[in-house]
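Numbers 66 to 557, taken from the working numbering, label the letters of the sequence shown in order.
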Amino acid sequence: MSFLAKNKGFVVLGGLTVLAVGYAVFDFQSEKKQTEVKEKAAILVPWEASSIQEVEITSTDNQNKPIKLQREKDSWKLIEPISDLADQNEVNDLVEGITKEKSVETIQESNGIDWKIFGLEEPRGRIRLKKSSGEEMILLISSKKNFQGDAFMRKDKDDFVTSVSSSWFSKLEKKAEDFRDKKLLRQSTAELQKLEFRGDQGQFTLILKDGKWQSEQQPHWGLDQNKVREIVQALGGSLVSQYVQEKAVLSEVAAADLKKYGLEKARLTITASLKAATESVWKARIGQDKDKIHYMLAEDSGLGDPPRRPRVALAEVTSVEAEKFLSLTIGQLRNRSEPFDFPKQDVKKIELRTTQNNSELEMKGETWEVLAKASAPAAGTQKIELSKVEGLLSKLKELQVTEFIDKKMNLPGTGPSVFLKDAGGKSLFELQLGELQKKKIDGVEKSVYVAKTNLIPDLITIEESAVKSLELDAILTPPLEANPASAAGDKK
66 MSFLAKNKGF
76 VVLGGLTVLA
86 VGYAVFDFQS
96 EKKQTEVKEK
106 AAILVPWEAS
116 SIQEVEITST
126 DNQNKPIKLQ
136 REKDSWKLIE
146 PISDLADQNE
156 VNDLVEGITK
166 EKSVETIQES
176 NGIDWKIFGL
186 EEPRGRIRLK
196 KSSGEEMILL
206 ISSKKNFQGD
216 AFMRKDKDDF
226 VTSVSSSWFS
236 KLEKKAEDFR
246 DKKLLRQSTA
256 ELQKLEFRGD
266 QGQFTLILKD
276 GKWQSEQQPH
286 WGLDQNKVRE
296 IVQALGGSLV
306 SQYVQEKAVL
316 SEVAAADLKK
326 YGLEKARLTI
336 TASLKAATES
346 VWKARIGQDK
356 DKIHYMLAED
366 SGLGDPPRRP
376 RVALAEVTSV
386 EAEKFLSLTI
396 GQLRNRSEPF
406 DFPKQDVKKI
416 ELRTTQNNSE
426 LEMKGETWEV
436 LAKASAPAAG
446 TQKIELSKVE
456 GLLSKLKELQ
466 VTEFIDKKMN
476 LPGTGPSVFL
486 KDAGGKSLFE
496 LQLGELQKKK
506 IDGVEKSVYV
516 AKTNLIPDLI
526 TIEESAVKSL
536 ELDAILTPPL
546 EANPASAAGD
556 KK
């Protein structure tokens with residue numbers, strides 16, 4: 066009897082199994098395709114966001130006064146009801162959101178739609194979209210909600226209603242102010258060459274030289290470039306909460322308004338210049354009204370690339386950003402790592418002086434050893450753990466200044482000292498610690514060591530906890546062992 070005859074049942078079962086699996090796979094793929102088709106059909110605006118050239122929002126929320134936005138090259142502009150640069154993020158979020166919105170349900174009635182039932186006979190608003198090709202689409206959003214709070218929509222002249230998310234109501238609630246550029250400094254921050262600050266915290270000037278920001282009054286100070294860039298970026302950021310008024314020239318701003326908004330005697334004046342300009346191109350005053358609300362008056366000369374119309378804008382600004390500038394001092398911008406910026410890889414000799422011991426270490430091969438001294442000749446081959454020394458160097462390199470002190474002061478008291486040298490004995494870094502003090506710094510009482518390094522002329526303070534982490538005494542007082550080879554030689 067053949068194999069097929071003997072195993073006929075198994076063959077039939079196997080065939081049925083293959084058919085069942087095949088059908089299941091086909092059914093799954095078919096269902097997946099149908100789902101994709103449905104999801105694609107549910108997209109309300111099947112256009113690429115980048116192809117939309119114009120957006121116009123008209124709603125009862127804005128007394129049916131159109132808000133018109135238009136793309137010009139790579140940027141959006143507000144055309145109506147006022148002409149101004151647009152907040153690019155705000156408009157792009159709107160357009161991206163519109164192209165991703167999907168319908169919830171389609172409602173179609175055989176006897177025709179009664180638009181009044183759905184609040185579409187007199188809709189709450191409409192959004193008109195226009196592509197770069199000239200093709201237009203109009204979306205009508207209802208004045209009524211369904212029981213879930215969703216909106217109803219009619220697209221173009223469709224003879225059916227679509228229920229959509231309630232987010233469309235939020236789109237209609239947008240004001241023209243929401244789409245305006247919130248930046249008072251509209252020049253490119255990359256073109257800034259000079260910034261001058263005059264206010265409650267004194268006067269200082271920042272200038273860009275050889276690609277780095279420095280203090281004009283104290284050019285030898287190292288500034289933290291990241292902190293300076295943060296200030297520059299903040300000036301070019303979205304400062305405006307709402308615009309109060311705009312004029313062509315400063316003389317058009319009433320003296321009474323300057324007084325009302327605390328700008329007659331401003332707490333801070335900032336002046337900015339561009340690389341290509343010999344005169345200031347932007348000037349701003351920051352003040353507060355009687356209710357402690359912050360205002361900024363910005364005078365824009367219009368110079369720059371591209372040039373713009375001169376503009377004087379008075380605006381309410383966010384308190385957080387305003388206080389960031391009002392409390393700014395040149396000391397806050399100093400590089401707190403500068404006094405400890407030694408070339409770690411070049412360190413081959415270390416001299417440590419503490420209350421416990423004085424020792425000198427030298428790198429021999431890949432091992433640190435304690436140098437022999439007349440008083441301790443056996444120390445010549447005493448080895449220190451490599452990790453301990455590497456840890457010390459890393460911690461020294463990572464130290465941060467807590468406070469910079471007037472350089473004319475003497476170092477009070479004498480404490481531990483660290484001297485780092487290269488293989489030839491050249492000094493790379495010196496740290497001397499003075500007395501431990503309790504000081505109030507930025508309103509907080511701290512325990513700090515007064516200290517001095519050879520890398521800057523100023524005295525500094527370092528937090529007690531950071532000094533303790535160096536463990537200078539621990540690395541200096543390992544138990545010394547006699548050198549067996551040396552001992553044998555002495556006996557001879």
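Idealized CB from N, CA, C, for every residue including glycine.
Check, Outcome
"What three-state label does DSSP hand Q94 in the structure shown?", "Confidence at Q94 is low in this model, with a pLDDT of 49, below 50, so its placement is unreliable and the value that follows should be read with caution. In this structure, Q94 counts as helix in the three-state DSSP scheme."
"Can you give me the Cβ contacts of H359 inside the same chain, cut-off strictly under 6 angstroms, excluding the 5 residues immediately before and after it?", "Q353, V382, S384 and A387"
"Alpha carbon to alpha carbon, how far is S148 from S338?", "26 angstroms"
"Answer with buried or exposed for K340, where buried requires no fewer than 16 other C-beta atoms within 10 angstroms of its C-beta.", "exposed"
"Taking 8 angstroms as the CB-CB limit, is I296 close to chain D?", "Absence of chain D from the displayed structure is noted, only one protein chain being present."
"Check whether the Cβ atoms of T164 and V110 sit closer than 8 angstroms, and answer yes or no.", "yes"
"Can you give me the start and stop residues for the beta strand (DSSP E) that W347 sits inside?", "S345 to Q353"
"Assuming the contact rule is C-beta atoms closer than 8 angstroms, V532 and L524 should be a hit. Round their C-beta distance to whole Å, please.", "No, V532 and L524 are not in contact; Cβ-Cβ is about 15 angstroms, not under 8 angstroms."
"Starting from A337 and walking both ways along the beta strand (DSSP E), at which residues does that stretch end?", "L333 to L339"
"May I ask you to report which of helix, strand or coil DSSP gives L537?", "helix"
"Span of the alpha helix (DSSP H) holding D246?", "D246 -> no alpha helix (DSSP H), and no H or E assigned at all."
"Return the residue from the list Q397, G162 and K196 that minimises the CA-CA distance to S116.", "K196"
"Between the alpha carbons of V102 and S168, how many angstroms are there, rounded?", "Unreliable positioning characterises V102 in this predicted model, as indicated by a pLDDT of 41, which lies under 50. A coordinate reading is not provided."
"Relative to the C-alpha of M428, which residue among Q421, I415, T419 and N422 is closest?", "I415"
"Classify R294 as helix, strand or coil using the three-state DSSP reduction.", "helix"
"Please work out which residues of its chain come closer than 6 angstroms, Cβ to Cβ, to L496, disregarding the five sequence neighbours upstream and downstream, and give them in chain order.", "V483 and T518"
"If you count every other CB in all the chains shown that lies within 10 Å of the CB of M474, and 16 or more means buried, which is it?", "exposed"
"Strictly by DSSP, which residues pair up with L524?", "I470"
"Thinking C-alpha only, which one of E281, Q266 and G264 is nearest I272?", "E281"
"Just the C-alpha distance for D538 and G499, rounded to the nearest angstrom, thanks.", "16 angstroms"
"Under three-state DSSP, which class holds E200?", "coil"
"Go to D365, then tell me how far its beta strand (DSSP E) extends in each direction, as first and last residue.", "H359 to D365"
"Grab the span of the alpha helix (DSSP H) containing T164 for me, first residue to last.", "Q153 to K165"
"Tell me whether P284 is buried or exposed, calling it buried when 16 or more other Cβ atoms sit within 10 Å of its Cβ.", "exposed"
"Quick one: what's got a C-beta closer than 7 angstroms to Q252's C-beta in the same chain, skipping five residues either side?", "L339, V346, W347 and G369"
"Kindly list the residues whose CB is nearer than 7 angstroms to the CB of K277, restricted to its own chain and excluding five residues on each side of it in sequence; keep chain order.", "Q290"
"Note down the Cα distance separating P481 from G264, rounded to an integer number of angstroms.", "41 angstroms"
"How should A321 be labelled, buried or exposed, when 16 other C-beta atoms within 10 angstroms of its C-beta is the threshold for buried?", "exposed"
"If you check the beta carbons only, do I122 and K236 fall under 8 angstroms apart?", "yes"
"May I ask you to report which of helix, strand or coil DSSP gives W286?", "coil"
"Relative to the C-alpha of F217, which residue among Q173, L194 and L260 is closest?", "Q173"
"Going along the chain, which residues of its own chain have a beta-carbon closer than 8 angstroms to the beta-carbon of E313, five neighbours each way excluded?", "Residue identity differs from the one stated: residue 313 is Ala in this sequence, not Glu. Once the five neighbours on either side are set aside, the close Cβ partners of A313 are R374, P375, R376 and V377."
"Relative to the alpha-carbon of V297, which residue among K133, S230 and K389 has its alpha-carbon at the smallest distance?", "K389"
"Considering only C-alpha positions, which residue in the set E455, R401, S392 and F262 is nearest to A349?", "F262"
"Threshold first: 3 residues or longer. Then list the beta strand (DSSP E) segments lying entirely within the stretch 110-135, N to C.", "117-124"
"Look at A380 and L249 and say whether their C-beta atoms are less than 8 angstroms apart.", "yes"
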